[in-house]
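*Asks:*
Protein chains: 2
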Amino acid sequence: MPGQTKYLLDEGSMPTQWYNLLADLPVAPPPPLHPGTGGPIASDDLAPLFPRALVAQEMTGERHVDIPGPVLDVYRLWRPSPLFRARRLERALDTPAHIYYKYEGVSPVGSHKPNTAVPQAYYNAEEGVRRLTTETGAGQWGSALAFACATFGVDCEVWQVRASYDQKPYRRLMMETYGAAVHPSPSKVTEAGRAILAESPESTGSLGIAISEAVEQAAADDGTRYALGSVLNHVLLHQTVIGEEALRQFELAEETPDVLVGCTGGGSNFGGLAFPFLREKLAGRMSPVIRAVEPAACPTLTRGRYAYDFGDTAGLTPLLKMHTLGHDFVPDPIHAGGLRYHGMSPLISHLYEQGLIEAQAVAQQDCFAAGVRFARTEGIIPAPEPAHALAASIDEALRCRDSGEEKVILTALCGHAHLDLPAYGAYLSGAMQDNALSEEDLTRALADLPQVP
Amino acid sequence: MPGQTKYLLDEGSMPTQWYNLLADLPVAPPPPLHPGTGGPIASDDLAPLFPRALVAQEMTGERHVDIPGPVLDVYRLWRPSPLFRARRLERALDTPAHIYYKYEGVSPVGSHKPNTAVPQAYYNAEEGVRRLTTETGAGQWGSALAFACATFGVDCEVWQVRASYDQKPYRRLMMETYGAAVHPSPSKVTEAGRAILAESPESTGSLGIAISEAVEQAAADDGTRYALGSVLNHVLLHQTVIGEEALRQFELAEETPDVLVGCTGGGSNFGGLAFPFLREKLAGRMSPVIRAVEPAACPTLTRGRYAYDFGDTAGLTPLLKMHTLGHDFVPDPIHAGGLRYHGMSPLISHLYEQGLIEAQAVAQQDCFAAGVRFARTEGIIPAPEPAHALAASIDEALRCRDSGEEKVILTALCGHAHLDLPAYGAYLSGAMQDNALSEEDLTRALADLPQVP
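One line per chain: the protein sequences are A and B, in this order.
Sequential numbering of the first sequence, starting at 1, is according to this note's numbering.
Sequential numbering of the second sequence, starting at 1001, is according to this note's numbering.
Right, dumping it as structure tokens:
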């Protein structure tokens, strides 16, 4: 029986720079627009929300950005993360494909989110910010930011989507253990929350609403800034440590990936793995197919519109050119809370428009079938989000079985499912539904995209 | 701000042998006795319960036992595990002490238990066993065995203490995701369970009862064997990979521990870390104080009697000479489910009698205070069990602050708390009680120890 093959880097081989894909793109993505003027936003427009260092990273054209020493010191708690070859899964699938997975569940909160939470907390602390606000759905991002804020002595206040706050208390308890304050969203703490509650007192919330609340609080207080866990350029920039490490690990494995597969909600895990490989592809040094996988219940890339839209429900953010289902779209409750966002990173949306990446939507039950199969062969129970990528990777490997191709597949296993076990329970008991987005709901969702001034 | 310092071994430095402390003890521990004859048990007495290879390991006097290749292949999924120096915690405590922790939460189930679950499943599979039965409390051991059985294609059937089965569904769902069948204990499936239910239909169960059920099922079917997650020599043997790795990591750190601190329930995590260091101590190569830490609600070493007792409630096991609170003692419900066992490993009990280790009991709230402090400085939320060892380690470090001693402290962080977050919630909300064992309850618990024939 073949054992797991693990490719570890020593700490001396840990990347010391993040990679900025913007420096290498043949065509620049459309800029974010000011919703009042319709003109491109400037650094000053973002200053009330983010510290100067992060605003600069959001807009920089530099190819590489140095990772500060104190951030590297915290990264070392779990980085470099392992790359595994999934030999047991390959055998179970009887496929000639080689399946590799880069595993981010080794972080203290069990996901890839601390890769950006730590630098965000660090830069804010450096600039004297006393409090960070943010939103969270199921809670992966909120717990990552709570951990990072505890590390750098910054207060952390989280608006958590009401449905998750009520039904999934473990992540909230994790945030509180790290010292964060957590509000169910919509909350009575903010104007945005009160407006929603006045109209829908029983609202179970959405990421878009929670973003509105966190942004409003940050803008209202000079010692407070806002932190976002996905979508924006600087967030994806920080996540590129994943791909940079994976490139070095593939050198150890003496292989080159033919197919990269990652799940996409806001795009941070996918971009983090894919961007360094896309750099290599653009430079002609390798030629992997790069595939984004999203839930059929929230099919932003495959069925959304590429248009300017708000990042939040209340319309407080700049207008972003992205694949969107409409800023007031509330996806059906699926278990992959991290993929339930109405929009997509503008940078990843641009790559899709440029034909540099592919996209695929997967039904919920297929993801959990893949997750159970992976758990029983490879031993790690994947979070519902990366189970989407595993489902697509298994499809690819089964096509290789039929064709006889020895493709090398790399997938991003961005977290474990220790806090998502009730979702596996629902799947195993047969109580799970697929919840694919209907044509009617899609048409309705896209009806009121904002006009660009 | 100092960062975490991590001492990693490369895979080539992973131990390939387990260490058997029995080979080096100046005085041998008293043997297990047959409850019918009163004479020492023989290999044949254990054959209905365990495969031959494990019976041999239980009784061997060999100093080292080779780790089979297929076991090493699975260990590589998470081993070698990291050793960290807790520099942030040291700074928060303002102590000159150096605090190190060996972290086993990197395993797929988040604890040290797979170190023995994997070889147990392997040896059973090798000898043609089709099904393994076991008991579990909170579920750490059951989920480790379910993972290991999935890996080697053995069926797994778990009796889980009813209170945990009902109140803590996450671990049960983890076992089921790995494909195990889980019964609440006491169950109607076994004679032992039916007898308890006839007397106490509302029984919430205990580890002792669950062991009776699992043992009964294994003894009744030729293709079924039993697996135990702690207490026995072969279990502690497998866990010595922890200490062997830690010894090599201390060479990298160029330090020698002055104090070793581990939590004890049945003793597997403590023994796993401590035995290789005790070997070095017995050989005169170092001289650490070695300290076992147990809950004040279940103070086996510090307040139990050193006597022959059964390992289970129904009296199906051999008689073991150990520190015990009585085989029908049911500890108050504390959150460290892994430490709620009436007895203690006979080997560790013997070390305590011989003066080779110390013991200390800690109140529940002090453990959670230590756990929160650790989470907010070091970033990892410790499981309630190792939080006991952290509380004692912090005490030691604070004594060093007062005395100015630069002691080197090593503690066993045997798991994370992702599935124990409600316990942290109870602590943070002020709802937690200490539940120390009263004198009256102790006297009652010790009243009916069995007579040795």
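Glycine residues also receive a C-beta, built at the ideal position from the N, C-alpha and C atoms.
Values in this document were obtained by computation on a predicted structure and should not be read as measured data.
According to DSSP, is Phe1050/B part of a helix, a strand, or is it coil?
*Replies:* Numbered from its first residue, the second sequence carries residue 1050/B at position 50. In this structure, Phe1050/B counts as coil in the three-state DSSP scheme.
*Asks:* At a Cβ cut of 9 Å, what residues of the stretch 170–187 of chain A count as close to chain B, listed as they run along the chain?
*Replies:* Per Cβ criterion, the list reads Tyr170, Arg171, Arg172, Leu173, Met174, Glu176, Thr177, Tyr178 and Gly179.
*Asks:* Assuming Pro382/A contacts Phe374/A (C-beta within less than 8 Å), just tell me the rounded distance between them.
*Replies:* If you number the first sequence from 1, residue 382/A lands on position 382. If you number the first sequence from 1, residue 374/A lands on position 374. That belief holds up - the Cβ atoms of Pro382/A and Phe374/A are roughly 6 Å apart, short of 8 Å.
*Asks:* Determine which residues of the stretch 1123–1153 of chain B have a Cβ less than 7 Å from any Cβ of chain A, and write them out in chain order.
*Replies:* Listed in sequence order: Phe1147, Ala1150 and Thr1151.
*Asks:* Please classify Glu244/A as buried or exposed, where buried requires at least 16 neighbouring CB atoms within 10 angstroms.
*Replies:* Counting from one through the first sequence, the residue named residue 244/A turns up at place 244. Burial call: buried.
*Asks:* Evaluate the contact criterion for the stretch 225–235 of chain A versus the stretch 197–208 of chain A: three or more CB pairs, one atom per stretch, below 8 Å.
*Replies:* Touching, no.
*Asks:* Taking 6 Å as the limit between beta carbons, can you name the residues of its chain near His1350/B, skipping five residues before and five after?
*Replies:* As a position in the second sequence, residue 1350/B is number 350, starting the count at 1. So the qualifying residues of the chain are Pro1029.
*Asks:* Taking Cβ to Cβ, would you say Lys1102/B is nearer than 7 Å to Ala1246/B?
*Replies:* Here residue 1102/B refers to the residue found at position 102 when the second sequence is read from its first residue. Here residue 1246/B refers to the residue found at position 246 when the second sequence is read from its first residue. Against a cut-off of 7 Å, the Cβ pair of Ala1246/B and Lys1102/B comes out as a contact.
*Asks:* Using a C-beta to C-beta distance shorter than 9 Å, which residues of chain B count as neighbours of Glu358/A?
*Replies:* As a position in the first sequence, residue 358/A is number 358, starting the count at 1. The premise fails here: Glu358/A is roughly 30 Å from chain B at the closest Cβ pair, so nothing lies under 9 Å.
*Asks:* Distance check for Gly379/A and Ala426/A, CA to CA, integer angstroms please.
*Replies:* In the first sequence, counting from the first residue as 1, residue 426/A sits at position 426. In the first sequence, counting from the first residue as 1, residue 379/A sits at position 379. Spanning the two alpha carbons is a distance of roughly 20 Å.
*Asks:* Determine, for Tyr424/A, whether the minimum Cβ-Cβ distance to residues of chain B falls below 7 Å.
*Replies:* Taking the first residue of the first sequence as position 1, residue 424/A is located at position 424. Closer than 7 Å to some Cβ of chain B, the Cβ of Tyr424/A qualifies, so yes.
*Asks:* Step through the CB atoms of chain B and report whether any lies within less than 7 Å of the CB of Gly467/A.
*Replies:* Since the first residue shown for chain A is 1 and the last is 453, residue 467/A is missing from the structure and cannot be characterised.
*Asks:* With 7 Å as the threshold, decide whether the Cβ of Val71/A is near any Cβ in chain B.
*Replies:* Taking the first residue of the first sequence as 1, we reach residue 71/A at position 71. By this cut-off, Val71/A is not an interface position.
*Asks:* Under three-state DSSP, which class holds Asp309/A?
*Replies:* One-based indexing of the first sequence puts residue 309/A at position 309. Three-state result, Asp309/A: strand.
*Asks:* Report the residue ranges of all beta strand (DSSP E) runs contained in full by the stretch 1245–1278 of chain B; include only those spanning at least 3 residues, in chain order.
*Replies:* As far as the stretch 1245–1278 of chain B is concerned, its whole beta strand (DSSP E) runs of at least 3 residues are 1259–1263.
*Asks:* Do the stretch 1360–1369 of chain B and the stretch 1165–1174 of chain B touch if we need at least three Cβ pairs shorter than 8 Å?
*Replies:* No, because fewer than three Cβ pairs between the stretch 1360–1369 of chain B and the stretch 1165–1174 of chain B fall closer than 8 Å, the two stretches do not touch.
*Asks:* Any beta carbon from chain B within less than 7 Å of Arg291/A's own beta carbon?
*Replies:* For this step, residue 291/A is matched to residue 291 along the first sequence. No, its Cβ sits nowhere closer than 7 Å to a Cβ of chain B.
*Asks:* Is the shortest distance between the beta-carbon of Ser381/A and the beta-carbons of chain B less than 7 Å?
*Replies:* Locating residue 381/A in the first sequence gives position 381, where the first residue counts as 1. Ser is not the amino acid found at residue 381/A; the sequence shown has Ile there. Closer than 7 Å to some Cβ of chain B, the Cβ of Ile381/A qualifies, so yes.
*Asks:* Under the assumption that His1342/B contacts Thr1324/B (Cβ atoms under 8 Å), give the Cβ distance between them as a whole number of angstroms.
*Replies:* Position 342 of the second sequence, counted from the first residue, corresponds to residue 1342/B. Position 324 of the second sequence, counted from the first residue, corresponds to residue 1324/B. Their Cβ separation, rounded to whole angstroms, is 6 Å, which keeps His1342/B and Thr1324/B in contact under 8 Å.
*Asks:* Residues of chain B with CB under 8 Å from Lys6/A, in chain order?
*Replies:* Translated into the one-based positions of the first sequence, residue 6/A becomes position 6. Ordered by position in chain B, the residues that pass the 8 Å Cβ test against Lys6/A are Glu1011, Arg1076 and Leu1077.
*Asks:* So, is the C-beta of Leu1033/B closer than 7 Å to a C-beta in chain A?
*Replies:* Within the second sequence, residue 1033/B is the residue found at index 33, counting from 1. Chain A, which has no Cβ nearer than 7 Å to the Cβ of Leu1033/B, makes this no.
*Asks:* Any heavy atom of the ligand NAP closer than 6 Å to the CB of Leu1077/B?
*Replies:* Among the components of this structure there are no ligands whatsoever, and the ligand NAP is therefore not found.
*Asks:* I need the boundaries of the alpha helix (DSSP H) containing Gln433/A, first residue and last residue.
*Replies:* Start at 1 with the first residue of the first sequence, and residue 433/A comes out as number 433. Careful: Gln433/A lies outside any alpha helix (DSSP H) and carries neither H nor E.
*Asks:* Within 10 angstroms of its Cβ, does Gly208/A collect 16 or more other Cβ (buried), or is it exposed?
*Replies:* What you label residue 208/A is simply residue 208 of the first sequence in a count that begins at 1. Buried is the call here.
*Asks:* With a threshold of 6 Å on Cβ separation, who are the neighbours of Leu54/A within its own chain once the five nearest residues in sequence on each side are excluded?
*Replies:* Here residue 54/A corresponds to residue number 54 of the first sequence, with the count starting at 1. Tyr123 and His234.
*Asks:* Here's a check: name, in chain order, each residue in its chain whose Cβ is nearer than 8 Å to the Cβ of Gly128/A, leaving out the five neighbours to either side.
*Replies:* Counted from its first residue, the first sequence places residue 128/A at position 128. Counting only Cβ-Cβ distances below 8 Å, and skipping sequence neighbours, we find Gly223.
*Asks:* Taking Arg194/A as part of the alpha helix (DSSP H), name the residues at either end of that continuous run.
*Replies:* Here residue 194/A refers to the residue found at position 194 of the first sequence. Start and end: Glu191 to Glu199.
*Asks:* Take the Cβ of Arg1444/B as the centre, count every other Cβ of all protein chains shown within 10 Å, and call the residue buried at 16 or more, exposed below.
*Replies:* Looking up residue 1444/B in the second sequence gives position 444. Counting Cβ neighbours within 10 Å, Arg1444/B comes out exposed, since fewer than 16 surround it.
*Asks:* Buried or exposed: Thr1411/B, going by 16 or more other Cβ atoms within 10 Å of its Cβ?
*Replies:* Locating residue 1411/B in the second sequence gives position 411, counting from the first residue. The residue is buried, with at least 16 neighbouring Cβ atoms inside 10 Å.
*Asks:* First and last residue of the alpha helix (DSSP H) that includes Ser1185/B?
*Replies:* As a position in the second sequence, residue 1185/B is number 185, starting the count at 1. Where Ser1185/B is concerned, there is no enclosing alpha helix (DSSP H), although the beta strand (DSSP E) it sits in stretches over Ala1181 to Ser1185.
*Asks:* From this set, Ala86/A, Leu93/A, Pro68/A and Val106/A, which residue's C-alpha is nearest Ala121/A's C-alpha?
*Replies:* Along the first sequence, one-based indexing puts residue 121/A at 121. The shortest C-alpha separation from Ala121/A is found at Pro68/A.
*Asks:* I think Met344/A touches Gly267/A, with their Cβ atoms under 8 Å apart; what is that distance to the nearest whole Å?
*Replies:* Start at 1 with the first residue of the first sequence, and residue 344/A comes out as number 344. Start at 1 with the first residue of the first sequence, and residue 267/A comes out as number 267. Contact flag correct, Cβ pair sits at about 6 Å.
*Asks:* With a cut-off of 7 Å, does the C-beta of Leu421/A fall near any C-beta of chain B?
*Replies:* Position 421 of the first sequence, counted from the first residue, corresponds to residue 421/A. Output row for Leu421/A: interface = yes.
*Asks:* Here's a check: name, in chain order, each residue in its chain whose Cβ is nearer than 7 Å to the Cβ of Lys281/A, leaving out the five neighbours to either side.
*Replies:* The count along the first sequence starts at 1 and reaches residue 281/A at position 281. If we look at Lys281/A and ignore the five residues flanking it on each side, its Cβ neighbours are Ser287 and Pro288.
*Asks:* Along chain B, which residues have their Cβ under 8 Å away from the Cβ of Val106/A?
*Replies:* Translated into the one-based positions of the first sequence, residue 106/A becomes position 106. What Val106/A touches in chain B: Val1106.
*Asks:* Determine which residues of the stretch 1367–1399 of chain B have a Cβ less than 9 Å from any Cβ of chain A, and write them out in chain order.
*Replies:* The residues in question are Gly1371, Val1372, Ala1375, Arg1376, Thr1377, Glu1378, Gly1379, Ile1380 and Ile1381.
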